[in-house]
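Here the protein sequences come in this chain order: A and B. Just so you know, we're using full-length UniProt numbering here: the first sequence kicks off at 1 and counts up by one. Just so you know, we're using full-length UniProt numbering here: the second sequence kicks off at 1 and counts up by one. Everything below concerns the one structure shown next.
Number of protein chains: 2
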Amino acid sequence: MRKDIHNSNIPVRCMSCEVRHKGICGALSADELQALSAHTRLVNHEAGDELAGEKMPAESYATVIRGVVKLTKTLEDGRQQIVGLQFAPDLLGRLNADENAVSVEAASDLNLCRIPKVALERMVKSNPALAERLMTQTLRELDEARDWMVTLGRKTAAEKVASFLLLIATHLDPEATGDRRQFDLPLSRADIADFLGLTIETVSRQMSKLKAEGMIGIVANRHINVPKLSKLKAFCGS
Amino acid sequence: MRKDIHNSNIPVRCMSCEVRHKGICGALSADELQALSAHTRLVNHEAGDELAGEKMPAESYATVIRGVVKLTKTLEDGRQQIVGLQFAPDLLGRLNADENAVSVEAASDLNLCRIPKVALERMVKSNPALAERLMTQTLRELDEARDWMVTLGRKTAAEKVASFLLLIATHLDPEATGDRRQFDLPLSRADIADFLGLTIETVSRQMSKLKAEGMIGIVANRHINVPKLSKLKAFCGS
DNA sequence: CGTAGCTTTGAGAAAAATCAAAAAGGGTGG
DNA sequence: CCACCCTTTTTGATTTTTCTCAAAGCTACG
Chain A
1 MRKDIHNSNI PVRCMSCEVR HKGICGALSA DELQALSAHT RLVNHEAGDE LAGEKMPAES
61 YATVIRGVVK LTKTLEDGRQ QIVGLQFAPD LLGRLNADEN AVSVEAASDL NLCRIPKVAL
121 ERMVKSNPAL AERLMTQTLR ELDEARDWMV TLGRKTAAEK VASFLLLIAT HLDPEATGDR
181 RQFDLPLSRA DIADFLGLTI ETVSRQMSKL KAEGMIGIVA NRHINVPKLS KLKAFCGS
Chain B
1 MRKDIHNSNI PVRCMSCEVR HKGICGALSA DELQALSAHT RLVNHEAGDE LAGEKMPAES
61 YATVIRGVVK LTKTLEDGRQ QIVGLQFAPD LLGRLNADEN AVSVEAASDL NLCRIPKVAL
121 ERMVKSNPAL AERLMTQTLR ELDEARDWMV TLGRKTAAEK VASFLLLIAT HLDPEATGDR
181 RQFDLPLSRA DIADFLGLTI ETVSRQMSKL KAEGMIGIVA NRHINVPKLS KLKAFCGS
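Right, here's the structure in full:
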């Protein structure tokens, strides 16, 4: 399952964050950003890489520059559930935790900006604006988790798949406008099933059904287009 | 559905918090506690009272002194999902939010310590220890939400009901020790179903099945005993 | 071109939902 | 304290949804 890892461990300024003024860097002064840059590393991972294991010691933080990260939990007998997806410019890692509550995996090829545990924690202590920004991200994650609980607990298989497609469509390119969307799924059918609490077969059947109903087009396995996002949204139940 | 509300709006020191040094009050100095006490009110609610509506303006915070609070989300067509339960000494209310993301209801009879929105937010700004404590609670809620996503997405009906009973057994009296437990369910079968993403009938059947297998005893409708908590835990899958 | 890994499709089985009705509690007023 | 009513819970029969098992079709890649 796990492929070779090719990291480019070159120290860099986190230009991506700085320029776009997103993520945690937006809460930093020029001086702080400069100081932080000394500790950060741009690293790359390929789809399938495991970045951190459930119940393993937490070693560092990282912000997502490009790609999608999946957070999973696994039952004793191997049943798996994806409990969150992280997109740029989210911060990976749980503040002040010694141990990971979830397993962290690259869903797609990734660029991350890695930050040592102590460096970030020191900076959070001295910068209330940064602490507040982390609180905001945590609250957003909590909202997303609760929204997904409704999907898992109360939606039909068809609504679950539609909700997933809507989530991806709106998160992959948040700036996109208009009612028509086109994108590549960052997750395999198996991952989608683990996200939705379904089997691969049910996911596949519901995708075919949505296609037959004209709700979506399946250009290639992973390449989807949505002619009317508003129609898809209405179908999701909320 | 909504019953009459009988509130005793008498200003008090939040002795319950102070004495037990739990919840947010544990992060406050004597002076701060004194100052906060001037703004707080002990209020009572009965089971079924709606404390705050989904998408309604957020008006105040409150800590749970006694009882259980349920957080729910509802789809357009009325399907409902409980997305969280709060026990003493949790803080109700989302920091800095103008609008509720969830509906807040008294699951059982309640005693709350109510805190005005501005009073708490001012105190959080000037007290990093309090901010950190709120961050800790939020992270715990996120963990709980993600754990529950696994239950909703990947467990069988029997495992879901067992997981719910385990949750209640361990949360109602966190100090209890030993492998035998006895408690009153703070939720009706309908609420349990909404928490587990099941129907009332399925919950009832699985409870009967757990009883038949000797996993639990049903003394009265709401009164449950668990002869071996470890056995129940093992049955939950994780 | 062949192979390995995904994905789709099909048929039958299992789990949970739905519809229906009986039983059990709980509170109220007599 | 009891009889009654209303609500909640349990149980039963049937239907629907989703899963499981099986096989075929696709894709990508060496």
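From the three backbone atoms N, C-alpha and C, an ideal C-beta is built for every residue, glycine too.
Review point. For B/LYS73, which residues from the same chain have a beta carbon less than 6 Å from its beta carbon, with the 5 sequence-adjacent residues on both sides left out?
Key: GLN81, VAL83, VAL102
Using a C-beta to C-beta distance shorter than 9 Å, which residues of chain A count as neighbours of B/ALA107? Per Cβ cutoff of 9 Å: no residues; B/ALA107 is ~17 Å from chain A at best.
- Task: Taking A/ASP77 as the query, report the chain B residues whose CB atoms sit under 7 Å from its CB, ordered along the chain.
- Result: GLY237
Going by DSSP, name the residue or residues bridged to A/GLU99. A/PRO57
Does the CB of A/ARG122 have a neighbour CB from chain B at under 9 Å?
no
Q | Sequence-distant residues of its chain with Cβ nearer than 6 Å to A/PRO186 (five each side left out) | A | VAL68, ALA107, SER108
Taking 8 Å as the limit between beta carbons, can you name the residues of its chain near A/ARG94, skipping five residues before and five after?
ALA58, ASN100, ALA101
I'd like to know whether the C-beta of B/GLU32 is nearer than 9 Å to at least one C-beta of chain A.
Judged by the 9 Å Cβ criterion, B/GLU32 is not in contact with chain A.
query: If you drop the 5 nearest sequence neighbours on each side, which residues of the same chain put their C-beta closer than 7 Å to that of A/VAL203?
result: Counting only Cβ-Cβ distances below 7 Å, and skipping sequence neighbours, we find VAL161, ARG189, ILE192, ALA193, LEU196.
Self-check item: Between the CA atoms of A/TYR61 and A/ALA52 - distance to the nearest angstrom
Solution: 11 Å
Check this for me: beta carbons of B/VAL104 and B/LEU71, under 9 Å apart or not? For B/VAL104 and B/LEU71, yes; Cβs fall inside 9 Å.
Practice task
Taking a Cβ distance cut-off of 7 Å, strictly less, list which residues of the segment 222-235 of chain B are near chain A, in chain order.
Solution key: none
Taking only three categories from DSSP, how would you classify A/VAL43?
strand
Roughly how many whole angstroms lie between the Cα atoms of B/VAL79 and A/LYS117? This sequence places Arg at residue 79 of chain B; Val is not what is there. Their Cα atoms are separated by approximately 42 Å.
- [ ] Please confirm if the segment 177-186 of chain B is in contact with the segment 208-226 of chain B, defined as three or more CB-CB distances below 8 Å between the two stretches.
- [x] yes
- prompt: Under 9 Å between the Cβ atoms of A/GLY214 and A/PRO227?
  reply: yes
Handout entry: Integer Cβ distance of B/ASN25 from B/ILE65, believed to fall under 8 Å
Key = The question names Asn, but residue 25 of chain B in the sequence shown is Cys. So it is not a contact: roughly 11 Å between Cβ atoms.
Self-check item: Option nearest B/LEU110 by Cα separation, candidates B/ALA88, B/LEU130, B/ALA119, B/ASN127
Solution: Taking only the C-alpha atoms, the option nearest B/LEU110 is B/ALA88.
- Is A/THR138 closer than 9 Å to B/THR138 when the C-beta atoms are compared? yes
| task | Count the other CB atoms, across all protein chains shown, that sit within 10 Å of the CB of B/SER230; report buried if there are 16 or more and exposed otherwise. | result | By the neighbour-count rule (16 or more Cβ atoms within 10 Å), B/SER230 is not buried but exposed.
**Prompt:** Who are the neighbours of A/ARG94 on chain B, taking C-beta pairs under 9 Å?
**Reply:** LEU139, LEU142, ASP143
TODO: Determine the burial state of A/ASP90: buried for a count of at least 16 other Cβ atoms within 10 Å of its Cβ, exposed for fewer.
DONE: buried
CB-CB under 6 Å to B/LYS125, same chain, minus the five flanking residues each way: which ones, in chain order? For B/LYS125, where only same-chain residues beyond five positions count, there are no Cβ hits under 6 Å.
- prompt: Which bits of chain B does A/LEU152 rub up against, with CB to CB less than 8 Å?
  reply: MET149, LEU152, GLY153, GLY197
Please report the Cβ distance between B/MET149 and A/LEU152, rounded to the nearest whole angstrom; I am assuming they are in contact, meaning their Cβ atoms lie under 8 Å.
-> 6 Å
Tell me which same chain residues have a C-beta within less than 7 Å of the C-beta of A/THR199, skipping the five on either side of it?
-> Within the same chain, Cβ atoms closer than 7 Å to the Cβ of A/THR199 are found at ALA193, the five residues on either side in sequence being excluded.
### Message
Can you check which of these residues, A/LEU165, A/LEU232, A/HIS39, A/MET56, is closest to residue 245 of chain A by C-alpha distance?
### Response
Coverage of chain A is limited to positions 1 through 238, which leaves residue 245 of chain A absent and any answer about it impossible.
Own chain, CB closer than 6 Å to A/THR63, minus 5 neighbours either side, in chain order = GLY23, PRO89, LEU91, CYS113
Consult DSSP for A/THR170 and reduce its assignment to one of helix, strand or coil. helix
Report task. Give the DSSP-derived three-state secondary structure of A/ALA106 in the structure shown. Result -> Strand at A/ALA106.
Report the three-state DSSP secondary structure of A/CYS113 (helix, strand or coil). strand
Nearest residue (CA-CA) to B/GLU159, options B/ASN44, B/LEU232, B/ASP49, B/THR136
B/LEU232
**OP:** Would you list the one or two residues that DSSP bridges to residue 240 of chain B?
**Re:** The requested residue 240 of chain B is not part of the displayed model; chain B covers only 1 to 238.
Is any beta-carbon of chain B found at less than 9 Å from that of A/ILE218?
-> no
Exercise for the section: Have a look at the DSSP bridge pairing and note the partners of residue 240 of chain B. Expected result: This structure cannot settle anything about residue 240 of chain B, because the visible part of chain B is limited to 1 through 238.
Q. In this structure, what does DSSP give as the bridge partners for B/GLN80?
A. B/THR74
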